[in-house]
Each structure stands twice: as structure tokens, then as C-alpha cells.
Amino acid sequence: MNMDNGIPTKEEFVDQLAAAFSYFNANTEKLTNAYNKLEQEVARINAELEKKNNQLQQKITEIDHVRSHFENILHSMGTAVIAIDLNEKITVINRCAEELLGIDSSACAGRPFGQLVTLDKITSTGLSALLKSDQPLFEREAALLCKNGDSIAVGVSMSLIRNSKDDTIGYLLLLRDLREIKKLQAKARRADRLVALGEMAARVAHEIRNPLGGIEGFASLLVRILESDKENQRMAAYIMEGVKSVNHIVSSLLDYARPVHIKKSFFPIREIIYDVARMIETSPNIDKKNIKIIAEFNGDNDPVMYADRVLTQQIIWNLLVNSIQAMDHPGDVVISCGKRGPLKHAVEDSTLLYHENSFVHDDSMYFYGFGEATWNTGEIHFWNVLSVTDQGTGIDPQIKDKIFYPFYTTRENGTGLGLSTVYKIIEEHGGKISVKSQAGRGACITLYFPGEVPVQEEVSR
Ligand SMILES: Nc1ncnc2c1ncn2[C@@H]1O[C@H](COP(=O)(O)OP(=O)(O)OP(=O)(O)O)[C@@H](O)[C@H]1O
Ligand SMILES: [Mg+2]
């Protein structure tokens, strides 16, 4: 150092610069190392982040998968599922519930349950009270009132939805459509009743037949003996008439009680219709009241049926006679026959079967079906359809379920066995019956026989 002015000498300055450089270099190296380390750390964190991201993505996909799986299960359930929060607002609703209630899930999410669904008879205090009671419920039968005024029988179950802390956060309602079960129960009840009635009818008919034969014999003897006493002879003739009428009832009873064994064959239905019409024409016991029987053959001039020929004749007789008896003025009774596709279409097309002055509205149509399994399965390729339409009194909706019961009659001299015999025969054929009617204007009873195609063989050479 220059002692005079304190300025470092050149050598000193070079040394200091070298020291500074070396310090700078050392720090630069440190910084570079630190930077490299940082870079490595960032890369490691990035890699970890990417791994975590992938795991997260995988988890989201899994959750999506599980959620859609549960949604599929929920929507595929045959039971209506509705989740409600504590404010009784709908939070979840499955497809079955949408169909049953006739509402769209998008329209009902968040809306109060009570605004959309009316459950009758669920409790005397209503659903709201039931929810508040916090008591689970298992299959209580109730009537679900639909918007169109219909009432559907449902089984209602209710359970509480709880969170992980065991607090109640909502309610889960399950509604099971009981219509099909009710139908099957009614069918089973009817079958039981028919068996019992059949057995009783057969026994009573046999018991009555013998004394009746004796009464008839003695009455005819009396008629002969009292040749000279006209007044008393008339009385004896009344006895014979009464016996004839009881005999008719007994024969119908026996006919009804006899088990039906059907023998199916192919035959032209036109022939049978003409035979029955002729029999009615010549029957002294039927008041024809100037009623015309008109046959209509839809699409096929000489349709071939596959059924029991004799029993089909009996069915046609029963239906035509009922129609004539239901009319108290001259008019037409139209018997139509034709072939129809799978039943769903047969039902839709059934209006085609009616006379062109058709009066019957669709909302008055009732179905009586047997062998439900074949309803939609396409096992039956077509149906032979036979319908009888009249312009008579019509069938009161209140008795529509009873007209096929044995002994149900509204006619003074009826036995009430005509339609129950038709029912039994159609049941044996695996067929179906529909009834359309309008009070005061007429009725139309349609029978569906499962069709069969005749085997064709070439016989010419
Ligand atoms: N075409 C119809 N129009 C109006 N009501 C009908 C018709 N067919 C049947 N019914 C009603 O159904 C009831 C039952 O008919 P069903 O043929 O079984 O017995 P019935 O005619 O009264 O007596 P039966 O046929 O044994 O002599 C009838 O009493 C009648 O009330
Ligand atoms: Mg009858």
C-alpha cells in the first residue's frame, strides 16, 4: 500500500480483485449447486404432482364409474325410489318413480314432495306426520292418486337417511306398484270361487234332476187325465212349463260345471256364424224384436279360425243372444271377425272391428286377460279376433267386473252362466276378452284367440 495516499498498489489491487473473483466464483458455484438442487426438487415435486394428478384422475374416474353404476342400479330398479330432505323436498328420484308418478325428474328435484305426490290412506295424519315421527315403515298399502284422477295401489316403505354422525338428514321412500299383484290375487280368488261353485253346481244339478223327472212325468199325466177339466189342465201345463225352465237352468249348470276339454282344429268361422244365426232365427224362445244380425269379415272373406269348433259355436250363441236381449228396439247386432298381429296391435286395431257406426269410446274398454306371459313376448304371432257389437243398454261400469262371474245376472230369467261360460272357454284357449260399452248406446265384446298357421303341403306333382 502506498503509505502517502492510502491507495493500494497495483499488486495489492490485483490480489484484492483475485480474492473478490475467487469469492464470487465460490458463491456462483454455491448458487449453481443450489439452483441445480432446486431444479431437481421442482422436477421431483412435479413428478410427484403428476403422479398424484394421475391418481386423482383415476379416483375421479372410479368415483364416476361407481356413481354411474349406482345410478344404473337406481334407475333399473322396479321399485320407485324417492329421497326427501328434512324440508320434505325431493333430492333423488329414480326412473321407476318418474313413470309411476308421471313426472320428470328435472321438474321435481328440489320441489316439495307433497306438491307432487298424494298418498291416500298412508296414515290418518298424513305422510308429513309419518316423516316427523322418525319411525321407519314397511310395506304399508296406500293409494297413490295420479294427476289424471286414477288411483294406483302401492306398497309404501320408508326409512331414515342418516349421515356418518348418525344424524337424520332425510327420508327414503320406496313405492311398489301393487296393480299386477292385485290382479293376480283377484284371478286366484276367482279361480277358487269357480272351482267351489262348479263343484256345488254339479252336485245340486244332479240332486234336482231326478225329482224333476218325476214331477215332469206326473204333470204330463195330469195334463192327459184332466182333458175334460180345462181349468185344472192349464194349471198342470204351468207345472210342465216351470219344470222345463228349471230343466234349462239345470242343463246350463251342468254345462258350466263340466270341465272344458278343448279340441282345436282349423275351420271356416263364416259357417259357424251362419249356423248360429239360423238357430237363433228359428228359436221360439228368443224374441228377435226385428233385430238384424250382420256378419263382417275384415280383410278376409272366408277367415279360418283355430279353436274348438263346438265351443266356438256356443260362445257365439251366448254373445249374440246377450246382445239381442240387451236391445229393446229394432237395430243391428254386428259380429266381426278378422286376424290381427301381436296383441298390442290387436288392441290398438280393435276399433277396425267395429261397425262403421261405432259408438264406443276407448276409455270404456276393459280387459280380461289370461296367460299374461304371452301378452308382450311375441310368442303369439297373430290373433283370431271375434267381436259382437250391439246397440243395446250397454254394460254399467259398476258391473263390468261381475258380468263374467257365474250366476251374475241382471235379467229376470237369466241364469248368469252365459258370459262365465264364454270366459271359461276363452281361458282354456289361452285367449283374452275385452269389453267396450257405453251406457244406453251399446256394448262390444271382443274375443282374442291365439292364432295358428295351418300347415301347407304341396299335393300336386
Ligand atoms: N250385450 C250386453 N249388453 C248389456 N249387458 C250385457 C250384455 N251381455 C251381458 N250383459 C250383462 O251381463 C250379465 C251376465 O250375462 P250372462 O250372459 O252371463 O247371463 P244372462 O244373460 O243374464 O243369463 P244367461 O245367459 O245365463 O241366460 C247380464 O245379465 C247383463 O246384465
Ligand atoms: Mg246370457
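Counting along the sequence shown from 1, when you hit position 271 you're at 1760 in our numbering, and nothing is skipped either side. All C-beta atoms in this analysis are idealised placements derived from N, C-alpha and C, irrespective of residue type, glycine included. Since the model is a prediction, treat every value here as computed from it, not as a measurement.
- Residue environment analysis places Asn-1807 among the buried positions, since at least 16 neighbouring C-beta atoms fall within 10 angstroms of its C-beta.
- Secondary structure of Val-1606 (DSSP, three-state): coil.
- Around ligand 2, the residues selected by a Cβ distance under 5 Å to any of its heavy atoms are Asn-1811 and Gly-1907, following chain order.
- Our two residues, Leu-1608 and Asn-1902, have alpha carbons roughly 45 Å apart in a direct line.
- With 16 or more other Cβ atoms from the protein chains shown falling within 10 Å of its own Cβ, Asn-1811 counts as buried.
- The residues Leu-1711, Val-1712, Leu-1715 and Glu-1716, in chain order, have a CB closer than 8 Å to that of Gln-1722 in the same chain once the five nearest residues on each side in sequence are set aside.
- By the 16-neighbour rule on beta-carbons within 10 angstroms, Gln-1880 is buried.
- It is roughly 22 Å from the alpha-carbon of Thr-1899 to the alpha-carbon of Pro-1773.
- For Gln-1814, the shortest C-beta to heavy atom distance toward ligand 1 is below 7 Å.
- Bounds of the beta strand (DSSP E) holding Ser-1646 are 1640-1651.
- Taking the C-beta atoms as reference points, Ala-1932 is found nearer than 8 Å to Ser-1926.
- Looking at the DSSP output, Ala-1572 bridges to Val-1581 and Leu-1661.
- Secondary structure of Asn-1811 (DSSP, three-state): helix.
- Looking at the DSSP output, Ala-1596 shares a beta bridge with no other residue.
- In the three-state DSSP reduction, Gly-1820 falls in the strand class (E or B).
- DSSP, reduced to helix, strand and coil, places Phe-1871 outside both helices and strands of the structure shown, so it counts as coil.
- DSSP places Gln-1927 inside the beta strand (DSSP E), whose first and last residues are 1921-1927.
- Distances between the C-beta of Tyr-1897 and the heavy atoms of ligand 1 include at least one below 7 Å.
- Relative to ligand 1, even the nearest heavy atom lies 7 Å or more away from the CB of Arg-1679.
- Here the C-alpha atom of Ile-1892 lies approximately 15 Å from the C-alpha atom of Ala-1675.
- In this structure, Phe-1896 sits away from Gly-1907, with a CB-CB distance that is not shorter than 8 Å.
- Residue ranges of uninterrupted alpha helix (DSSP H) with 4 or more members, entirely inside the segment 1695-1774 and ordered along the chain, are 1719-1746 and 1758-1771.
- DSSP places Glu-1785 inside the beta strand (DSSP E), whose first and last residues are 1780-1786.
- For Asp-1504, no beta strand (DSSP E) encloses it; the enclosing alpha helix (DSSP H) starts and ends at 1499-1565.
- Bounds of the alpha helix (DSSP H) holding Ile-1915 are 1907-1918.
- About 10 Å separates the beta carbons of Val-1645 and Leu-1667, which is beyond the 8 Å limit, so they are not a contact pair.
- Judged by their CB atoms, Ala-1598 and Ile-1579 are nearer to each other than the 8 Å cut-off.
- One alpha carbon belongs to Asn-1652, the other to Gly-1659, and they sit about 9 Å apart.
- If you ignore the 5 residues before and after Ile-1738, its C-beta comes within less than 7 Å of the C-beta of Thr-1904, all in its own chain and listed in chain order.
- Residue pairing of Tyr-1937 in beta bridges, as defined by DSSP: Val-1874 and Lys-1921.
- For Asp-1744, the distance from the CB to the nearest heavy atom of ligand 1 is not below 7 Å.
- Per DSSP, Tyr-1795 is one residue of the beta strand (DSSP E) stretching across 1793-1797.
- For Leu-1634, the enclosing beta strand (DSSP E) begins and ends at 1626-1634.
- Excluding its 5 nearest sequence neighbours in each direction, Ala-1815 has C-beta neighbours in its own chain below 7 Å: Asp-1879, Gly-1881, Thr-1882 and Ala-1932, listed in chain order.
- Taking Phe-1707 as reference, the option from Ala-1725, Leu-1936 and Trp-1872 with the minimal CA-CA separation is Ala-1725.
- Secondary structure of Pro-1943 (DSSP, three-state): coil.
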